[in-house]
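Residue numbers are given in numbering that gives the first Met the number 0: position 273 of the sequence shown equals residue 272, and the series is strictly consecutive.
The structure appears below as structure tokens.
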Amino acid sequence: MKTNRFFSHHTLACLLGLGLTVPTPAFSADGLTGPALNRLNQQVERAVSRQIERQLDKASERLPESALPAAPATPPELPARLAIQSDTGLELFADVEVEDGWRAVERQWLVTVNASDTHHFNQPGITVIDQTPMAGLGLTVLRFRVSPGLDSRDQLQELLPKALAQRVDRNHIYRPETDASNHQGPSTTDEPPSCPVPVSIGMVDTAVETDHPAFAGTTVVQRDFLQDLHLADSYHAPTDHGTAVASRLAGKTSANAATRLPSATLFSASVFYGQPASVSGATLLHLVEGLAWLESNDVTLINVSMAGPDNRVLATVIKRLIDRGTPVVAAVGNEGPAAPVLYPAGYPEVIGVTAVNQHRKIYRWANRGEQVDFAAPGVDVAVALTDGQYGSQSGTSLAAPVVSAQLACALASTSLENALAQLTRRADDLGDQGRDPVFGYGLLPDTH
């Protein structure tokens with residue numbers, strides 16, 4: 000989990016003295032606490048990390064300034080509380096800021112339960128909303144709402160038996176891991192298919208624009224996990240991120256390119272709702288429902304190009320998937336080299352993927368650490384855009400499907416252990432000898 004760091008007036012002054020510009024809110028006599036402090040921490044850490052990287056790049060002159068990748072477009076700051084509404088104007092739930100700067104559904108918590116556990120939630124201050132059985136994973140997830148006085152882990156730990164409290168966590172909200180900016184334009188590439196063998200691949204993401212020409216040669220089976228909410232138009236399921244990821248996973252990335260996996264069936268779990276200013280989110284409940292559905296369709300592996308906080312329910316679901324022989328490949332995130340670990344890529348069982356540019360240099364905003372297993376092209380790479388267009392985007396989200404496609408092809412003829420060994424032997428070791436926190440085992444070139 001993220002930790003709070005307090006930046007004093009003295010620290011801010013030192014940073015400004017180094018020529019770094021950081022957000023400086025007006026301090027009250029009582030100082031900053033809670034969400035306001037968390038927002039300041041995140042803004043300062045991100046600003047300092049990025050500006051130090053820029054100064055180091057200029058000082059070393061490793062590349063011409065024109066060759067350096069631009070920073071990802073910073074998403075607009077959401078209000079502390081954002082109501083998600085139905086098409087009739089009813090508030091379905093609220094997307095709010097919680098501990099450590101993360102976001103979650105307001106006062107909603109999740110827990111994996113057995114039949115003997117449910118009576119513990121029949122008490123004042125707790126309202127059970129629903130129970131979601133996930134037969135393929137052998138799990139049931141109970142969702143409940145708490146009163147304001149119980150809306151913390153400490154309070155719930157006092158109220159629930161210890162073994163049960165250890166399985167409780169917030170209904171957190173997860174975000175895509177792609178630069179929000181699109182660059183339109185035709186591509187002249189004309190590559191052969193990556194892999195002709197039949198495979199079934201799963202992805203949990205935004206919706207995919209299935210009528211896009213990029214998927215004319217791809218079988219896409221899609222399920223919308225928010226359909227029953229009847230969202231208002233402004234919150235309808237977005238399609239930009241999922242369309243781009245799917246094109247690099249199994250479709251076409253340009254009008255002239257071959258279909259990447261022409262014999263594949265792509266199962267797409269649409270779990271995101273839209274928000275104003277092109278910021279989208281997926282609740283943890285919808286995320287794990289999507290993962291369970293993909294498992295029930297016996298997919299070869301699951302690609303997850305999103306990231307967020309560590310969560311006990313998510314960790315349990317991921318472990319069940321791995322134990323049942325379904326690998327998970329995830330983007331490590333675009334928060335920068337000094338950022339904390341993001342999940343699900345941070346779980347040891349998950350195959351974490353980072354991004355490099357055309358010069359085989361690390362994407363400067365990629366997260367780093369022990370969670371990185373492989374690198375793949377993900378900076379200004381060709382993708383399918385919405386409305387039938389093609390263009391380019393950047394982000395670790397777009398590197399993950401390259402690894403997923405190659406791993407799926409290998410798994411068609413061998414075990415997971417052997418398939419990962421094949422990828423490791425194929426990877427170009429770009430960093431320190433052996434596995435390192437920047438490139439993992441190395442770069443898997445995009446052979447498509």
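Using N, Cα and C, we set each Cβ at its ideal position, and we do this for glycine too.
If you're wondering where the values come from, they're calculated on a predicted model, not measured in any experiment.
So, is residue i buried or exposed, given that buried needs 16 or more other C-beta atoms within 10 angstroms?
i	result
D427	exposed
V220	exposed
L89	exposed
H240	buried
D168	buried
D372	buried
A338	buried
V127	exposed
Q432	exposed
G148	exposed
G387	exposed
G137	exposed
K251	buried
P400	buried
L383	Before going further, note that residue 383 is Ala rather than Leu in the sequence given. Its Cβ being crowded by 16 or more others within 10 Å, A383 is buried.
A450	Here the chain covers residues 0 to 447 and nothing more, so residue 450 does not appear.
A420	exposed
T413	exposed
D204	buried
Q392	buried
Q370	buried
What is the rounded straight-line gap between the Cα of residue i and the Cα of residue j?
i	j	result
N417	F438	21 Å
S269	R80	24 Å
R434	T423	10 Å
Q156	P308	20 Å
P212	V140	38 Å
L443	W364	19 Å
V110	A409	36 Å
V291	Q165	Reading off the sequence, residue 291 comes out as Ala, not Val. In a straight line, the C-alpha of A291 is about 22 Å away from that of Q165.
D482	A404	Not covered by the structure: residue 482. The range shown for the chain is 0 to 447.
T446	D232	39 Å
V97	A254	44 Å
T315	V402	24 Å
C194	P261	7 Å
V287	P132	11 Å
L406	Q122	48 Å
I361	G441	11 Å
A93	A256	42 Å
L228	R425	45 Å
R152	W101	15 Å
K161	N310	17 Å
If residue i sits next to residue j, beta carbons under 8 Å apart, how far is it from one beta carbon to the other, in whole angstroms?
i	j	result
E294	T325	6 Å
A82	I172	In fact, because the Cβ distance is near 14 Å, the residues do not count as touching under 8 Å.
A398	A375	4 Å
L91	Q84	6 Å
V207	T238	7 Å
L284	N170	6 Å
F266	G201	5 Å
L429	R359	6 Å
S118	L159	One detail in the question is off: residue 118 reads as His in this sequence, not Ser. H118 to L159, Cβ: 11 Å. No contact.
A354	G377	3 Å
F224	G289	6 Å
P248	D86	The residue asked about is misnamed: residue 248 is Leu in this sequence, not Pro. That belief does not hold up - the Cβ atoms of L248 and D86 are roughly 31 Å apart, past 8 Å.
L163	D99	The Cβ separation is near 23 Å, so there is no contact.
Quick one: residues in its chain with C-beta nearer than 6 Å to the C-beta of residue i, no 5 flanking neighbours on either side, listed in chain order?
i	result
V349	V327, A329 and P343
S199	T264, V298 and T299
V95	R80 and E105
T218	T264
A411	V196 and V198
N113	none
G273	Y234, H235, P237 and S279
I321	E348
P336	R367
Below 7 Å CB to CB, which residues in the same chain sit around residue i once its five sequence neighbours on both sides are set aside?
i	result
I317	V327, P343, Y346, E348 and V349
G368	V340 and P436
E176	S304, M305, A306, A330, G332, N333, G394, T395 and S396
G135	A291, E294 and S295
D150	R106
S246	A213, T252, V382 and A383
T209	V219 and Q221
V145	R106, W108, G124 and I125
F143	W108, F120, I125, T126, V127 and I128
Residues in its own chain within less than 8 Å of residue i by CB, not counting five upstream and five downstream?
i	result
L415	G324 and P326
Practice task
Could you pull out every unbroken beta strand (DSSP E) segment of at least 3 residues lying fully inside the region 246 to 286, listed in chain order?
Solution key: 263 to 269
Practice task
With a floor of 4 residues, list each alpha helix (DSSP H) that falls wholly inside the region 375 to 406, ordered by position along the chain.
Solution key: none
Problem - Uninterrupted beta strand (DSSP E) stretches inside the region 204 to 231 (no shorter than 3 residues) - result: 218 to 223
Exercise for the section: Could I get the ranges of all uninterrupted beta strand (DSSP E) runs contained in the region 294 to 370, with 3 residues as the minimum, in chain order? Expected result: 300 to 303, 327 to 330 and 350 to 355
Handout entry: Ordered list of beta strand (DSSP E) runs contained in the region 67 to 149, each at least 3 residues
Key = 80 to 84, 90 to 96, 102 to 111, 125 to 133 and 138 to 145
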